[in-house]
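Just so you know, the protein sequences line up as chains A and B, in that order.
Taken in order, the first sequence gives residues 268 to 763; the numbers are from our numbering.
Taken in order, the second sequence gives residues 530 to 628; the numbers are from our numbering.
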Amino acid sequence: MSAVRDGARQAMAWLHGWTGLLLGWVLFVMCLGGTLSVFKPEIGRWMRPETIATADRATALTAATGWLGKNAPNSFGWYLTLPNDRMNTVEATYDPGTGFVYRALDPVSGAPAPRETLGGEFFYRLHFELQLPFPWGRLLASLAAMVLLLGLITGIIAHRRIFKDFFTFRPAKGQRSWLDGHNALGVLALPFHIMISFTGLLTLATINMPWPVTANYGQDMAAMFQAFQPGHVDRPAAGKPAPLAPLAPMLAEAERRLGKPVGRITVEHPGDTAAVVTMFRDDARQIAYAAGAVSFDGATGRVLADFTENRPALQTYGVAYGLHLARFAPLATRWLYFLCGAMLTLAVASGMVLWVVKRRERAPLSLGNRIVERLNAGVLAGVPIGCVAFLLANRLLPLGMPARAEAEVSAALWSAAAALLLGAALAPKRSWPLLMTLLALGCAAAALLGGAFADSVQASVTLTLLGAALGFGWLGLRQWRPRPKPTRRRTREQLA
Amino acid sequence: MGAHFRRGWGYRANIATRAVAGSLGAYLVAACFAAAAARTLPLPRLDAIVPATMLAFLVAPVATIWAFLAPGPLRALGGILAAAALLAGIAWAAGMPAA
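Structure follows, in structure tokens:
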């Protein structure tokens with residue numbers, strides 16, 4: 268019986284290792300992007316230090332839609348998030364005639380912030396779209412999320428002593444230390460890891476598990492969406508122009524009906540007689556995402572639909588979705604999300620390193636594993652380097668530059684690519700300390716050159732960057748020293 | 530599945546079969562389960578989608594794990610396909626696809 272159990276455990280360890288190896292680097296990008304996205308609005312504020320005006324929701328909405336009416340009148344829709352206590356700008360996605368863009372609009376003037384940037388939205392999109400075109404990024408993210416959930420379950424089964432490992436760390440012992448670290452990072456925040464991978468899969472369910480919808484609605488997606496969001500009216504444009512009615516009275520009416528502040532607003536077919544304005548309850552007021560909405564006829568301001576979610580199954584979905592987005596979370600909870608996310612990111616990274624360390628201590632590495640070893644240095648150090656390059660580009664690129672926001676993203680991708688090349692070209696014992704030092708210098712430069720201290724939010728981002736610089740610098744310095752020889756070398760013959 | 534397995538073609542075929550059963554096969558089982566659950570759960574047709582989807586996300590990893598624990602690779606593949614066929618049959622009998 269015990270032999271069977273050991274066999275099963277070994278099979279699970281094998282499955283854990285191989286599935287992790289296949290999707291590990293993708294998961295690393297997703298976990299890092301997701302962790303940074305916890306502070307998406309705060310990062311956005313740090314990246315727009317000139318834009319510090321504040322305004323109430325009605326003023327900001329009127330300013331934003333006034334500017335959009337002049338500059339993006341033919342957009343299919345305007346998708347807005349109103350300012351709140353975390354973000355002073357109106358976040359807007361709209362089509363100025365050249366395809367949809369994302370910009371932060373000044374709450375007083377309504378115009379895009381002079382320092383044109385995606386801000387935290389870059390990390391948010393990276394987290395589940397991986398800079399790949401629709402739908403491939405989301406499909407790859409779904410696959411990786413499934414592997415993460417599988418990895419957590421197989422990791423638990425493969426594990427002999429969950430409770431004991433909770434308290435075990437044996438530093439500076441090669442494979443043993445990496446294993447202890449990997450286990451501790453996985454086990455300490457295990458409930459979070461399971462929650463975040465499960466709810467993450469759910470956020471992409473329309474693309475990775477559409478079969479229940481097909482089973483119950485066939486091809487009739489319109490009926491499904493109508494039942495799913497009864498507060499949102501979907502209708503085609505009439506093709507006849509009509510100015511948009513004032514939005515401030517609609518906002519007041521929506522907040523009266525919802526009983527809570529409005530967070531997100533969509534304006535579809537602006538400037539058309541069939542324009543629809545939909546106002547969603549603020550996601551920060553309850554755990555659930557999209558808990559209620561009111562739709563207005565855009566041309567007259569008349570209420571078309573009004574809905575607060577109270578169906579238990581759909582509420583469950585909203586809460587699971589909201590738990591993943593963490594928009595409900597007050598400051599302390601957000602830091603907990605950040606911490607747990609960082610632990611998951613490090614668990615993935617240490618798992619990737621462990622794959623190599625484990626094999627290196629037994630026998631000389633095969634060609635495949637030498638490639639893994641070099642890709643590890645390039646990806647695990649290179650992706651954070653890309654993230655920091657994004658922040659540095661934000662401070663270094665000139666303000667009026669055309670396509671500035673896109674240039675910041677290019678800076679991130681090219682830096683990550685350069686790091687990947689360095690990792691491939693140099694021996695790991697040289698590339699790791701070099702890349703870690705570059706990462707530390709990048710964090711320090713971003714904090715010192717671009718340090719913004721106008722308010723506690725900007726100061727926190729700057730201080731976090733300084734802390735990261737110290738941490739990575741310490742790691743880099745340690746790695747410059749020669750690695751001590753492993754105490755015991757086992758060969759394949761001894762194992763067999 | 531460590532060093533005690535012989536690393537010959539038999540081993541590779543074993544792993545390849547289980548990998549197909551545990552990836553595509555496991556997804557197929559989860560998808561058929563999701564469709565069958567959506568059709569049969571005693572809930573309004575929109576509401577039923579939510580538990581069907583959530584449970585499917587748990588069925589998938591369980592099916593993958595089973596594909597690697599089953600006594601032999603052919604039994605793993607056969608078991609996965611049989612489960613998918615059974616669930617697809619339930620979904621079909623319950624009226625999928627919706628008109």
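By construction, the Cβ of each residue, glycine as well, lies at the ideal position given by its N, Cα and C atoms.
**Report entry** Buried or exposed (CB count within 10 angstroms, at least 16 for buried), M668(A)
**Finding:** exposed
Unbroken stretches of the beta strand (DSSP E), 3 residues or longer, contained in the region 443 to 467 of chain A: none
Counted within 10 angstroms of its Cβ, other Cβ atoms place P579(A) as buried (16 or more) or exposed
So P579(A) ends up on the exposed side.
Problem - Interface residues of chain A facing V546(B) [CB-CB closer than 7 Å] - result: Checking the displayed sequence, the identity of residue 546(B) turns out to be Thr instead of Val. Chain A residues near T546(B): none, gap ~14 Å exceeds 7 Å.
(Q) Within 8 Å of any Cβ in chain B, is that where the Cβ of R629(A) sits? (A) no
* So A482(A) packs on M625(B), CB below 8 Å; how close in whole Å? -> 4 Å
Could you compute how far the alpha carbon of L687(A) sits from the alpha carbon of F343(A)? Roughly 39 Å between the two C-alpha positions.
Check: For L349(A), which of helix, strand or coil comes out of DSSP?
Finding: coil
Environment of Y588(A) [buried if 16+ CB atoms lie within 10 Å]
buried
For chain A, check one thing: does any of its Cβ atoms lie closer than 8 Å to the Cβ of V549(B)? no
Quickly, what does DSSP pair G559(A) with across the bridge? List them, please. T575(A)
Original post:
Any contact of the region 366 to 385 of chain A with the region 279 to 296 of chain A, i.e. 3+ C-beta pairs under 8 Å?
Top reply: Judged by pairs of C-beta atoms under 8 Å, the region 366 to 385 of chain A does not touch the region 279 to 296 of chain A, as fewer than three such pairs exist.
Can you tell me whether M546(A) is helix, strand or coil according to DSSP? Strand, per DSSP.
Would you identify the three-state DSSP class for L397(A), choosing helix, strand or coil?
coil
Fill in: Whole runs of the alpha helix (DSSP H) within the region 462 to 513 of chain A, excluding any shorter than 4 residues
Within the region 462 to 513 of chain A, the runs of alpha helix (DSSP H) that reach at least 4 residues and sit entirely inside it are, in chain order, 472 to 475, 478 to 484, 488 to 495.
### Task
Tell me whether G301(A) sits in a helix, a strand or coil according to DSSP, three-state version.
helix
Do you know how far the Cα of D487(A) is from the Cα of R759(A)? Caution is warranted here: a pLDDT of 45 is assigned to R759(A), below 50, making its placement in the model unreliable, and the coordinate value is therefore given only provisionally. Taking the straight line from one Cα to the other gives about 59 Å.
Problem - Three-way DSSP call (helix, strand, coil) for S539(A) in this model - result: In the sequence as presented, Ser is not what sits at residue 539(A); that position holds Asp. DSSP places D539(A) in strand when its eight states are reduced to three.
Practice problem: Kindly identify the DSSP beta-bridge partner or partners of R370(A). | Solution: Within the DSSP bridge table, the entry for R370(A) names A359(A) as partners.
> Quick one, which of A542(B), L575(B), A559(B) has its alpha-carbon nearest V588(B)'s?
Replying inline: Of the listed residues, the one whose Cα sits closest to V588(B) is A559(B).
- Query: When you compare each of G530(A), G366(A), T466(A), Y484(A) to L349(A) by their alpha carbons, which one comes out closest?
  - Reply: G530(A)
Count the CB pairs spanning the region 302 to 320 of chain A and the region 717 to 730 of chain A that are closer than 8 Å, and state whether there are at least three. yes
Worksheet item: Bridge partners of T582(B), per DSSP?
Response: Beta-bridge pairing links T582(B) to no other residue.
Could you name the residues of the same chain whose beta carbon sits closer than 6 Å to that of R756(A), not counting the 5 residues immediately before and after it, in chain order? With a pLDDT of 48 at R756(A), under the threshold of 50, the predicted position of this residue should be treated as unreliable, though the coordinate-derived value follows. For R756(A), where only same-chain residues beyond five positions count, there are no Cβ hits under 6 Å.
*Beta-carbon neighbours of T575(A), restricted to chain B and to distances below 8 Å*: None at all; the shortest Cβ gap to chain B is about 16 Å.
Which term fits L452(A), buried or exposed, when burial requires 16 or more other beta carbons within 10 angstroms of its beta carbon?
-> buried
If you follow the alpha helix (DSSP H) that Q553(A) is part of, which residue opens it and which one closes it?
-> Looking at the DSSP string, Q553(A) is not in any alpha helix (DSSP H), and its letter there is neither H nor E.
Going along the chain, which unbroken runs of the alpha helix (DSSP H) with 4 or more residues stay wholly within the region 558 to 627 of chain B? For the region 558 to 627 of chain B, whole alpha helix (DSSP H) runs of length 4 or above, ordered along the chain, are 578 to 598, 602 to 622.
**Asked** Counting Cβ pairs, one atom from each stretch, are 3 or more of them under 8 Å apart for the region 300 to 314 of chain A and the region 496 to 504 of chain A?
**Response** no
_Among H591(A), D447(A), V620(A), E535(A), nearest to C607(A) - alpha-carbon criterion_ = Comparing Cα positions, the closest option is H591(A).
- When you compare each of L658(A), L737(A), A692(A), G448(A) to E383(A) by their alpha carbons, which one comes out closest? L658(A)
Query raised in the report: Would you say T421(A) reaches chain B, if we count a Cβ-Cβ gap shorter than 8 Å as a contact?
Result: yes
Item to complete: Give the interface partners of R779(A) over in chain B, defined as CB-CB distance under 7 Å, in chain order.
Response: The shown model of chain A, from 268 to 763, leaves out residue 779(A), and the question about it has no answer.
Under the DSSP definition of a beta bridge, which residues are partnered with T230(A)?
Beyond the ends of chain A as shown, which are 268 and 763, falls residue 230(A); an answer cannot be given.
Of the residues R697(A), P651(A), L399(A), A726(A), the one placed nearest A707(A), counting alpha carbons only: P651(A)
Within-8 Å CB hit, F306(A) to chain B: no
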